[in-house]
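Protein chains: 2
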Amino acid sequence: MQVGIIGGTGPAGRGFAARVANAGHEVLLGSRDAERAHAVAAELVGGRGWPVTGCANDAAADADFVVAATPWDALIATAKPLAGSLEGKIVLSMANALVKEGREMIAVYPARGSMAAQLQAALPGSRVVAALHHLPAAQMEDLDSGLEADVLVCGDDAAARLESCALIDSIAGLRALEVGSLAQAGPIEAFTAVCITLNIRHKAHSTLRLAGI
Amino acid sequence: MQVGIIGGTGPAGRGFAARVANAGHEVLLGSRDAERAHAVAAELVGGRGWPVTGCANDAAADADFVVAATPWDALIATAKPLAGSLEGKIVLSMANALVKEGREMIAVYPARGSMAAQLQAALPGSRVVAALHHLPAAQMEDLDSGLEADVLVCGDDAAARLESCALIDSIAGLRALEVGSLAQAGPIEAFTAVCITLNIRHKAHSTLRLAGI
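From first to last, the protein sequence lines are chains A and B.
Note that the first sequence covers residues 41 to 253 in our numbering.
Note that the second sequence covers residues 41 to 253 in our numbering.
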């Protein structure tokens with residue numbers, strides 16, 4: 041599959057790009073700065089021969105399957121101008137609205153309940169899915185980290201959820217768990233504040249597992 | 041330790057009562073209906089000789105350590121009249137504000153961000169801690185269920201968090217993880233919607249684990 045990553049040069053985008061390329065998918069690693077995207081793509085690939093191409097965000101939006109990995113407060117401003125290219129496509133949002141307060145991350149609640157719902161409202165012709173929120177970015181990028189994590193997947197389009205789960209399940213170390221509608225994105229995104237705060241307090245790189253499923 | 045459970049006759053309260061009694065603690069199992077509390081306590085204990093006593097909620101509020109296990113929409117109305125007895129004490133809130141929508145549970149957000157924050161505002165002299173939200177009630181009550189779950193603990197009083205963690209760690213199958221301030225209660229409570237919706241979709245009794253800590 042061809043996967044475009046909007047805002048792919050940050051930690052979340054890089055980590056996902058490495059795993060998805062390693063799984064054999066073609067990656068269009070987008071950035072608002074195409075030069076920077078080229079440099080990050082080259083650094084990520086190293087000598088591994090992965091099909092990762094750095095490009096501008098609008099070129100990444102031309103991919104079959106698009107992941108939005110920008111900082112949360114740049115998500116809507118970045119995605120909205122790309123609405124034409126994203127029409128009819130799955131757009132997977134990794135965004136979490138969080139602010140730092142001392143040694144804690146605090147969840148903030150977008151007016152529509154989640155960043156994914158904000159994105160769905162900005163891209164009414166796209167099929168927004170929310171997933172990949174709780175993954176430790178450094179462990180994603182390091183393919184030898186032994187990462188084993190469950191990935192919660194939600195969205196209002198059932199086929200888009202299933203396609204997203206299939207892509208995630210093709211990635212080593214990840215297990216996709218379909219949750220339900222986009223209404224679940226609010227709690228899923230906000231829970232990232234808890235995961236990161238736990239990591240700060242316990243000096244850990246925790247991963248979320250749902251036992252018994 | 042003497043543990044009082046306000047609203048202890050519902051599934052969450054019963055499950056917690058069984059585990060905490062089995063760990064050797066004395067339980068005052070409260071209900072607005074003391075007769076019902078007596079009956080549930082007798083049924084829970086069976087022939088096991090646990091020190092579980094059914095009582096009215098105001099008697100449960102006299103315990104050293106108090107857990108609030110009422111339905112979420114009865115929490116404030118039940119706890120506020122007990123403010124005098126609860127003054128200076130730890131009050132551990134298990135409440136999650138959730139509504140059912142078809143095959144999903146939907147998180148709803150109390151005006152102060154969480155039910156625990158609503159409780160703290162109603163009991164300004166108490167030390168409110170939020171924990172025990174994600175546990176499957178039936179598996180809690182069945183001591184042979186093989187339950188192994190992580191319990192996220194938050195609150196604004198550090199000593200109250202630590203005491204709560206010690207109580208939880210004394211219970212077989214549970215590991216307490218201190219998260220941070222009461223601001224974390226919103227995401228922790230809301231995430232229960234995700235856990236229950238997963239269980240409905242996957243016909244499972246999932247438990248939350250944080251690997252890597």
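Ideal Cβ placement from N, Cα and C applies to all residues, glycine included.
Predicted model, so just to flag it, every value in this text is computed and none were measured.
Classification of residue i by the beta-carbon crowding that lies within 10 angstroms, buried from 16 upward
i, result
"residue 171(B)", "buried"
"residue 141(A)", "exposed"
"residue 139(B)", "exposed"
"residue 129(A)", "buried"
"residue 88(A)", "exposed"
"residue 181(B)", "buried"
"residue 127(B)", "exposed"
"residue 55(A)", "buried"
"residue 220(A)", "buried"
"residue 75(B)", "exposed"
"residue 153(B)", "buried"
Whole-angstrom distance between residue j and residue i, CA atom to CA atom
i, j, result
"residue 133(A)", "residue 164(B)", "39 Å"
"residue 218(B)", "residue 77(B)", "31 Å"
"residue 50(B)", "residue 109(B)", "8 Å"
"residue 178(B)", "residue 97(A)", "49 Å"
"residue 44(B)", "residue 121(B)", "16 Å"
"residue 143(B)", "residue 227(A)", "17 Å"
"residue 84(B)", "residue 53(B)", "11 Å"
"residue 94(A)", "residue 239(A)", "31 Å"
"residue 251(A)", "residue 202(A)", "21 Å"
"residue 222(A)", "residue 169(A)", "7 Å"
Limits of the alpha helix (DSSP H) - the one that residue i falls within
i, result
"residue 172(A)", "No alpha helix (DSSP H) holds residue 172(A); DSSP gives it neither H nor E."
"residue 124(A)", "123 to 126"
"residue 133(B)", "Per DSSP, residue 133(B) belongs to no alpha helix (DSSP H); it is in the beta strand (DSSP E), 130 to 133."
"residue 226(B)", "225 to 242"
"residue 177(B)", "177 to 181"
Coarse secondary structure for residue i, derived from DSSP in three states
i, result
"residue 50(B)", "coil"
"residue 98(B)", "helix"
"residue 186(B)", "coil"
"residue 141(B)", "strand"
"residue 152(A)", "coil"
"residue 88(B)", "coil"
Same chain only: Cβ atoms within 8 Å of residue i, ignoring 5 sequence neighbours per side
i, result
"residue 191(B)", "171, 172, 174, 175, 208, 214, 215, 216, 217"
"residue 136(B)", "112, 147, 155, 173, 229, 230, 232, 233"
"residue 183(B)", "58, 59, 62, 212"
"residue 114(B)", "47"
The beta strand (DSSP E) enclosing residue i, as first and last residue numbers
i, result
"residue 145(B)", "144 to 147"
"residue 110(A)", "Careful: residue 110(A) lies outside any beta strand (DSSP E) and carries neither H nor E."
"residue 204(A)", "Not the beta strand (DSSP E): residue 204(A) falls in the alpha helix (DSSP H), residues 198 to 209."
"residue 64(A)", "Careful: residue 64(A) lies outside any beta strand (DSSP E) and carries neither H nor E."
"residue 220(A)", "214 to 220"
Close beta carbons around residue i, own chain, < 7 Å, minus the five adjacent residues each side
i, result
"residue 41(A)", "65, 104, 105, 207"
"residue 99(B)", "68, 70"
Beta-carbon contacts of residue i that lie in its chain and below 6 Å, excluding the five residues immediately before and after
i, result
"residue 71(A)", "49, 77"
"residue 91(A)", "66"
Contact set between residue i and chain E, taken where Cβ atoms lie within less than 7 Å
i, result
"residue 228(A)", "No chain E appears in this structure, whose protein chains are A and B."
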